[in-house]
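To keep things clear, I will list the structure first and then write my remarks on it.
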Amino acid sequence: MTRLNVLLLVVLIFSSIYLVRVSHESRRLFADLDKARSEERLLDSDYEKLKAEKQAQATPLRVEKTARDKLLMRNATPAVTQYVSRSGAVAASGAGASQ
Amino acid sequence: MSWLDKAKVGASGAKRSTRKLQGRAPGANSRAVTYSTSPLLASKTPPWRSKFLVAIVGVAFCGLLGRALYVQVIGTDFFQKQGEIRYARTLELPASRGRILDRNGQILAASVPAPSLWAIPKDFEADSAQRKQLAKLLGMTTKDLADKLDDNQNFAWLRRQADDQVARDVLALNVKGVHQVREYKRKYPEGEAATHVVGFTNVEDQGQEGIELAHQKDLAGRDGTRRVIKDRLGRVVEDIGDSVAPVDGRDVQLSIDSKVQFFAYQRIRDAVAENKAQAGSVVVLDAKSGELLALANYPSYTPGDRRSLSGEQLRNRALTDTFEPGSTVKPFIAAWALETGRVKPDTVIHTAPGRVAMGGFVISDAHPHGDLTVSEVIQKSSNIGSMRMGLMFQPREMWELYTQVGFGQKPQLGFPGAVTGRLRPYKTWKPVEQATMSYGYGLSASLLQIAHAYTVFTNDGEVIPITLTKTDTAADKVPGVRVISPATAKTVRQMLSLVTGPGGTAPKAQTIGYSVGGKSGTAYKQEGKGYATKKYRSWFVGIAPINNPRIIVAVMVDTPTAGKWYGGDVAAPVFSDLVQQTLRTLGVQPDLDVKTQIITKQVPAEDESF
Chain W
101 MTRLNVLLLV VLIFSSIYLV RVSHESRRLF ADLDKARSEE RLLDSDYEKL KAEKQAQATP
161 LRVEKTARDK LLMRNATPAV TQYVSRSGAV AASGAGASQ
Chain Z
293 MSWLDKAKVG ASGAKRSTRK LQGRAPGANS RAVTYSTSPL LASKTPPWRS KFLVAIVGVA
353 FCGLLGRALY VQVIGTDFFQ KQGEIRYART LELPASRGRI LDRNGQILAA SVPAPSLWAI
413 PKDFEADSAQ RKQLAKLLGM TTKDLADKLD DNQNFAWLRR QADDQVARDV LALNVKGVHQ
473 VREYKRKYPE GEAATHVVGF TNVEDQGQEG IELAHQKDLA GRDGTRRVIK DRLGRVVEDI
533 GDSVAPVDGR DVQLSIDSKV QFFAYQRIRD AVAENKAQAG SVVVLDAKSG ELLALANYPS
593 YTPGDRRSLS GEQLRNRALT DTFEPGSTVK PFIAAWALET GRVKPDTVIH TAPGRVAMGG
653 FVISDAHPHG DLTVSEVIQK SSNIGSMRMG LMFQPREMWE LYTQVGFGQK PQLGFPGAVT
713 GRLRPYKTWK PVEQATMSYG YGLSASLLQI AHAYTVFTND GEVIPITLTK TDTAADKVPG
773 VRVISPATAK TVRQMLSLVT GPGGTAPKAQ TIGYSVGGKS GTAYKQEGKG YATKKYRSWF
833 VGIAPINNPR IIVAVMVDTP TAGKWYGGDV AAPVFSDLVQ QTLRTLGVQP DLDVKTQIIT
893 KQVPAEDESF
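Protein sequence lines, in the order shown, are assigned to chains W and Z.
Heads up: the first sequence runs through residues 101 to 199, numbered per the working numbering.
Heads up: the second sequence runs through residues 293 to 902, numbered per the working numbering.
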């Protein structure tokens, strides 16, 4: 009887210490998880920001300016465009030239 | 032998000695309490003292019990709450506002994080050099900064939604009492080009103008909350209770094409500068689906810069400014006259001598014409010719015609600020009013309404509703209202193409490769009760390509002062450029013959090695 009690006491003490340990661990992990989650949110919004910024760098205004000034490009007119229809036949926009 | 047995022996020993003591003083009248085995230490203590002691301990226990009962049962709510205040926290989970996209998925507005800087003035500690630098970074004077900090001892915003770099520099100064908090702000990549459509939000992320306001409910998310337990270090260690997940705002996809939109804005901006005009507007409509491809106004503003968010540049002129549509209604009059069989395209109408007196007014043409066919009336924009056709109708007929194509009706666009225009009930019309109304005076409409009215010609006689949101499938398409027959619509389209041909009022509307048609308009500006002299408004509404229309473009220039003021001279070139660019962007094949410049250069062939 006595031995059993002693044994139970020892088991109880160990169990309590283990409980403390586990709950501490779980709190630590939960805090880590929470930190990771908020980091995820941060990265998400940064990603969104970068996407918007990327587009702001590629607005038609800038593209056109660069194309005109740096690359010396001109607007394509129907006169220098060859339209190809889906069937594969070349539909010459410059039909006037062939006549 | 265990310690328990020893204890028993000790206890029996104590009993024995008690008996001994009692044996010694049997004759004492008060029973003494023995505290020790040693007789020397024996003292005579009255028994009530021990009882008293027991009673005190008992009472103390009762007190504890009562307290426990109070804490655990009676006042439990209060104590629970107090406890929670000390460790539980409610965290706000911010929902992000939805994006606004164009028809190709390009971002027109998105929420991005932006740091806001704030200070606790009573903690604020900085030497004069630091103050100077801080003020410089925040873009204010040292005095402004001091005023800001003086306002409230506990809290002051230094700068909300600052640039990342500014925030980093400010924090690098390491001034005590200055903090940073993460907020969200709207970013508008297309800037001033699309801002009249997109609108903007205030600093609290509430839509104030445009789509941001019209779709506020969809765009705004619902913030969530969660209850957590925080430990001493401020880390979240446990979730408690139910958490409410944040609901992000929905994205709104518009029918706007950002490329067309940009080009429309750029072109109207240039035209306003070129003609030294006050303002200008452009509307580009998809002729088949009624989708708004572009809507631009100049002057415009940068939505990201809060200082520019006031004044008249905010006005979305294409929707809010009404004017008398003038010559642009003539095709409707001609169409109805044709539809009801009153005239044929080649019926001759007498317009000589170019002036007609009626009801105290003189109706005149800019240039006197002789006899004109109906087609020529449209081509040369004769007021008198149009008036003669208009006077063939009953007032009610004309009123119904105008109402059906949307004049005097609020555009069903779901956009804030779209005006109704003015079309008085036909019962109050005087004959002269019917006459002026048949060439576009005496009623008013916005540029958008005029563009909308022209869908009747592009859709084979059906007027279709316009929309600002992308319609993906044919199922989304709202059926139109038939006004005129397809044959009449086709005839009028041919007349409209004559306007841009030789002998028309707007040959400058022509494009390379695409057939176009349209109607120019010029009017004196209304000022007060009458018309201002030397102040004009010029506009042009047209469709392209003429046989299978894809787009409707309406251009309006307000008060051009650079010597040209006819719609055919001021607005038509803008129309021409826009049609050219837009149709190319949409991949529409040219329907006119163009002298091709794609030629193979004749060069001698290299000799093949073999």
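C-beta: ideal position from N, C-alpha, C; glycine also.
Treat the numbers as computed from the prediction; the structure is a model and nothing was measured.
How about residue i and residue j: are their beta carbons less than 7 Å apart?
i	j	result
T783 (chain Z)	V791 (chain Z)	no
Y806 (chain Z)	A781 (chain Z)	no
N608 (chain Z)	N589 (chain Z)	yes
A563 (chain Z)	V576 (chain Z)	no
P841 (chain Z)	A586 (chain Z)	no
F699 (chain Z)	L740 (chain Z)	no
D657 (chain Z)	N675 (chain Z)	yes
A152 (chain W)	P481 (chain Z)	yes
Q445 (chain Z)	K414 (chain Z)	yes
T695 (chain Z)	K702 (chain Z)	no
Tell me, please, which residues DSSP counts as bridged to residue i.
i	result
H642 (chain Z)	Z:D663
K477 (chain Z)	Z:V404
S738 (chain Z)	Z:T614
Q274 (chain Z)	The first residue shown for chain Z is 293 and the last is 902, placing residue 274 (chain Z) beyond what the model contains.
E583 (chain Z)	Z:T759
S573 (chain Z)	Z:N589 and Z:M848
E819 (chain Z)	Z:G822
A836 (chain Z)	Z:I843
D531 (chain Z)	Z:V520
W691 (chain Z)	Answer by DSSP bridge pairing: none, since W691 (chain Z) is not bridged.
So, does the CB of residue i fall closer than 7 Å to a CB anywhere in chain W?
i	result
G834 (chain Z)	no
R527 (chain Z)	yes
L313 (chain Z)	Bear in mind that the predicted position of L313 (chain Z) carries a pLDDT of just 45, short of 50, making it too unreliable to give a figure here.
A565 (chain Z)	no
P660 (chain Z)	no
D455 (chain Z)	no
K551 (chain Z)	yes
G805 (chain Z)	yes
A320 (chain Z)	Bear in mind that a pLDDT of 45 at A320 (chain Z), under 50, signals an unreliable position, so the number given afterwards is only what the model happens to contain. So no, A320 (chain Z) is outside the interface.
I399 (chain Z)	yes
P405 (chain Z)	yes
F554 (chain Z)	yes
K300 (chain Z)	Only weak support is given to the placement of K300 (chain Z): the predicted model assigns it a pLDDT of 47, under 50, and the value that follows is read from those uncertain coordinates. Chain W, which has no Cβ nearer than 7 Å to the Cβ of K300 (chain Z), makes this no.
P882 (chain Z)	yes
V886 (chain Z)	yes
A486 (chain Z)	no
D297 (chain Z)	Confidence is the limiting factor: at D297 (chain Z) the pLDDT is only 48, short of 50, which leaves the residue's position unreliable, though a coordinate-based value still follows. No, no contact with chain W.
K479 (chain Z)	yes
A579 (chain Z)	no
A387 (chain Z)	no
A402 (chain Z)	yes
R316 (chain Z)	Residue placement at R316 (chain Z) is flagged as unreliable, the pLDDT there being 46, under the threshold of 50; a coordinate-derived value is accordingly withheld.
Just checking my contact of residue i with residue j at CB under 8 Å: how many whole Å lie between their CB atoms?
i	j	result
A727 (chain Z)	L683 (chain Z)	6 Å
L429 (chain Z)	V462 (chain Z)	5 Å
T493 (chain Z)	V833 (chain Z)	33 Å between Cβ atoms; not a contact.
V552 (chain Z)	T877 (chain Z)	6 Å
G706 (chain Z)	A506 (chain Z)	6 Å
A863 (chain Z)	V847 (chain Z)	4 Å
Any beta carbon from chain Z within less than 7 Å of residue i's own beta carbon?
i	result
A156 (chain W)	yes
F130 (chain W)	yes
S138 (chain W)	no
A152 (chain W)	yes
R127 (chain W)	yes
Y183 (chain W)	yes
K165 (chain W)	no
D169 (chain W)	no
S145 (chain W)	yes
I113 (chain W)	no
A197 (chain W)	For A197 (chain W), the pLDDT reaches just 37, beneath the cut-off of 50, and the residue's location in the model is therefore unreliable, leaving the point undetermined.
What I want to know is whether the C-beta of residue i ends up closer than 6 Å to one or more non-hydrogen atoms of the ligand SAH.
i	result
F371 (chain Z)	This structure lacks the ligand SAH; in fact it carries no ligand of any kind.
With three or more C-beta pairs closer than 8 Å as the rule, is the region 365-382 of chain Z touching the region 439-458 of chain Z?
no
Using a Cβ distance threshold of 8 Å, determine whether the region 170-187 of chain W contacts the region 500-514 of chain Z, with at least three qualifying pairs required.
no
Does the region 420-429 of chain Z touch the region 397-406 of chain Z, meaning 3 or more C-beta pairs lie closer than 8 Å?
no
Evaluate contact between the region 822-833 of chain Z and the region 627-635 of chain Z, counting only Cβ atoms and requiring at least three cross-stretch pairs below 8 Å.
no
Would you call the region 595-607 of chain Z and the region 637-647 of chain Z in contact, with 3 or more CB pairs under 8 Å?
no
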